[in-house]
Each structure stands twice: as structure tokens, then as C-alpha cells.
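Worksheet for the structure shown next.
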Amino acid sequence: MVEAVALPAPWQVRFQAGGNEGLADTHKGGIGGSAGMRPHELLEASLATCMTISARMALADLGVTVAEVRVEVHLEREESATRFRYRLLLDPELEVHRPAVMERIACSPVRSTLSKPLVFEPA
1 MVEAVALPAP WQVRFQAGGN EGLADTHKGG IGGSAGMRPH ELLEASLATC MTISARMALA
61 DLGVTVAEVR VEVHLEREES ATRFRYRLLL DPELEVHRPA VMERIACSPV RSTLSKPLVF
121 EPA
């Protein structure tokens with residue numbers, strides 16, 4: 001569970017899960033700032049971090065324990081769909097493993113969660 005609390009500064013929010021916390025912020029109508037990630041960037045971050053962890057796990061299963069792996073995610077909010085575009089960046093010597101890593105990130109837990117129909121309801 002994540003809890004979010006509004007802070008005194010316009011549009012700033014502190015959020016926490018367990019012992020970890022972060023700051024979100026936005027800028028609307030000339031008010032607010034950039035003290036933290038914007039809410040949609042947190043969605044991008046959730047998917048990118050999960051895919052990066054999944055990529056590292058795939059490489060570890062292939063015996064690669066030290067590797068530079070990056071995933072970039074860009075969220076596009078369209079009228080008919082929400083589109084997540086992602087790109088896997090690997091060290092050149094790891095390109096031979098790209099198919100296996102792409103297969104693993106395609107079924108990463110956050111991607112699987114976001115791929116299902118979403119239901120929003122008050123608790």
C-alpha cells in the first residue's frame with residue numbers, strides 16, 4: 001500500500017510505502033514546482049524500474065552477473081488509449097541476449113498488471 005499526503009507547498013505530495021518515501025510535484029497554471037516527479041512520471045518509473053529488474057534477472061539466469069541495463073519508458077496519453085513506449089538499452093556485448101531479455105520484460109509484473117482491465121473503487 002502507498003499513502004500520499006498533501007504538503008503545504010502547492011501540488012507537492014509526500015508518498016510512502018513501508019519505510020520508503022518520495023516526493024511528487026507538478027506545475028499547473030503557473031503554480032507548483034518541480035521538487036519531485038510528476039504523477040505520470042511515477043507511472044513511467046514504475047514500469048521502467050520493473051522492466052529493468054526483470055532484464056537483470058533474465059541476464060543473471062543466462063550467467064551474466066555484471067551488466068549495464070537501461071529501460072526507457074515514455075507514456076503517451078491519447079483519447080482512445082494510454083500507450084507506454086519502451087526501449088531496452090544493453091551493452092553491445094549483451095546484444096546476443098536481447099531476444100531472451102525482451103521476452104522477460106514483456107511479462108514483467110508491472111507490465112502484466114497494467115495490461116489487465118483496471119477497476120477504480122473507493123475502499
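If you're matching positions, the sequence shown starts at 1 in this note's numbering and goes up one per residue. Even glycine gets a Cβ: it sits at the ideal position worked out from N, Cα and C.
Residue closest to residue i, alpha-carbon to alpha-carbon, out of the options
{"i": "V64", "options": "A106, H97 and P122", "result": "H97"}
{"i": "E133", "options": "K116, I53 and S34", "result": "With the chain covering 1 to 123 only, the question about residue 133 has no answer from this structure."}
{"i": "M57", "options": "E76, R83 and S108", "result": "S108"}
{"i": "G19", "options": "G33, E3 and V13", "result": "E3"}
{"i": "F84", "options": "G32, A17, G36 and H40", "result": "H40"}
{"i": "R87", "options": "P117, E21 and E44", "result": "E44"}
CB contact flag (residue i, residue j, <9 angstroms)
{"i": "L42", "j": "V101", "result": "no"}
{"i": "R70", "j": "L47", "result": "no"}
{"i": "V5", "j": "G36", "result": "no"}
{"i": "A123", "j": "L94", "result": "no"}
Expected contact under 8 angstroms - CB spacing of residue i and residue j to nearest Å
{"i": "F15", "j": "A24", "result": "6 angstroms"}
Residue i classed as buried or exposed, judged by whether at least 16 other C-beta atoms fall within 10 angstroms
{"i": "G30", "result": "exposed"}
{"i": "V110", "result": "buried"}
Other residues of its chain near residue i: CB distance less than 6 angstroms, five sequence neighbours each side excluded
{"i": "I105", "result": "M51, S54 and A55"}
{"i": "R38", "result": "T26"}
{"i": "L62", "result": "H97"}
Neighbourhood of residue i by C-beta, 8 angstroms cutoff - its chain only, sequence neighbours within 5 removed
{"i": "T82", "result": "L75 and E76"}
{"i": "W11", "result": "D25, T26, H27, K28, I31, G32 and G33"}
{"i": "E21", "result": "R14 and F15"}
Beta-carbon contacts of residue i that lie in its chain and below 7 angstroms, excluding the five residues immediately before and after
{"i": "S34", "result": "D25 and H27"}
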